Amino acid sequence: QNNVKPHTYLAMHLFAETFGLTSASPFLHLEPHEFVNLPEWPALHKRIKNSGNPYDIGKRTAHGSSYRMGPRTFRDANIKQSKGRLRLNLKECAAFLNKFKTLFPEIVEWQESIEIAVRSTRRLENLFGYERRFERELTDSYIREAISWIPQSTVGCITHLGIRKARAAGLRVCSNKHDSYAVMCREDEAPDVARFIQDSMSVTLPGRDTSFTMKSEIQIGRNWKPASDKNPEGMKEWKN
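And the structure:
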């Protein structure tokens, strides 16, 4: 609703000094819907997004926390996913994960409610009402799998519904990546196809307190690699 992504908010708190924020900064004390109206926010937002490692760590911490990873698993996952580029010690991992819990206590509460539901009923439903039963031994890793199942399966359903709409409209779907899909089209058709894809992924879902619609981003290019100086015709973000 306020265009502040959780990992951006997290990175700002994790690396406040890097972004020139003192302990008295309003950005560290106000809620996102309050500080987005401050005149300094657009420049700070851009600085966070372009910060490289701090932004990347914020993103990885939010992702790992969503799976309720512990410090050791989080450390090992980062080493593997970054191909050895990002090496954090256990103290850093614990501090980053704890900061997420401090900033997002409602997510921790939700994760605990999922564990209780699985242990007591061994079943969950995603936001489309599809059911999954959990019949294996309830180990820590299996509980983490259960915690991730509702958002993961819901996103997968959104993508599949979008692909069905695209195929019904006669579009050439060429990729299904679980949380995204790609379409081949003529260059002059790209803006209309982009709008169609974005609309097809805009599904209103029931939340805990209110309904919500997850936002989606569109990229257009002549090949699937990101655009760069060496690949100027690669994928670039498209704005409607």
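Residue numbers (my numbering): 917 to 1156. Beta carbons are placed, not taken as given, at the ideal position from N, Cα and C, and that holds for glycine. Model, not experiment: these values are computed from the prediction.
Where residue i falls: helix, strand or coil (DSSP)
i: leucine 1040; result: strand
i: arginine 1003; result: coil
i: arginine 1138; result: coil
i: alanine 959; result: helix
i: glutamate 1153; result: strand
i: tyrosine 971; result: helix
i: valine 952; result: coil
i: methionine 1117; result: coil
i: valine 872; result: The requested residue 872 does not occur in the structure, where the chain is confined to residues 917 to 1156.
Whole-angstrom distance between residue j and residue i, CA atom to CA atom
i: phenylalanine 1112; j: glycine 1078; result: 9 Å
i: lysine 1093; j: glycine 1072; result: 9 Å
i: serine 1127; j: lysine 1146; result: 43 Å
i: phenylalanine 1012; j: lysine 999; result: 20 Å
i: proline 948; j: leucine 1019; result: 11 Å
i: leucine 1043; j: glutamate 1061; result: 17 Å
i: aspartate 992; j: aspartate 1104; result: 45 Å
i: isoleucine 1074; j: serine 1096; result: 9 Å
i: threonine 938; j: alanine 932; result: 7 Å
i: alanine 978; j: leucine 944; result: 17 Å
i: glutamate 1051; j: arginine 1038; result: 7 Å
i: aspartate 1115; j: asparagine 1005; result: 43 Å
i: phenylalanine 990; j: valine 1024; result: 16 Å
Endpoints, beta strand (DSSP E) assigned at residue i
i: arginine 1088; result: 1088-1092
i: proline 1122; result: 1120-1122
i: threonine 1129; result: 1127-1129
i: arginine 1049; result: 1047-1049
i: alanine 1098; result: 1097-1100
Beta carbon of residue i nearer than 8 Å to that of residue j
i: lysine 1017; j: leucine 930; result: no
i: histidine 923; j: glycine 974; result: yes
i: serine 1069; j: tyrosine 1046; result: yes
i: threonine 1129; j: serine 1118; result: yes
i: isoleucine 1136; j: alanine 1110; result: yes
i: glutamate 1153; j: arginine 1138; result: no
Presumed contact (8 Å Cβ cut-off) between residue i and residue j, rounded CB distance
i: isoleucine 1066; j: glutamate 1031; result: The Cβ separation is near 12 Å, so there is no contact.
i: alanine 940; j: isoleucine 964; result: With 8 Å as the limit, alanine 940 and isoleucine 964 do not qualify as a contact, their Cβ atoms being about 19 Å apart.
i: valine 1034; j: isoleucine 1059; result: 7 Å
Extent of the continuous alpha helix (DSSP H) run through residue i
i: threonine 938; result: Neither: threonine 938 is in no alpha helix (DSSP H) and is coded neither H nor E.
i: valine 1071; result: 1056-1084
i: alanine 993; result: 987-997
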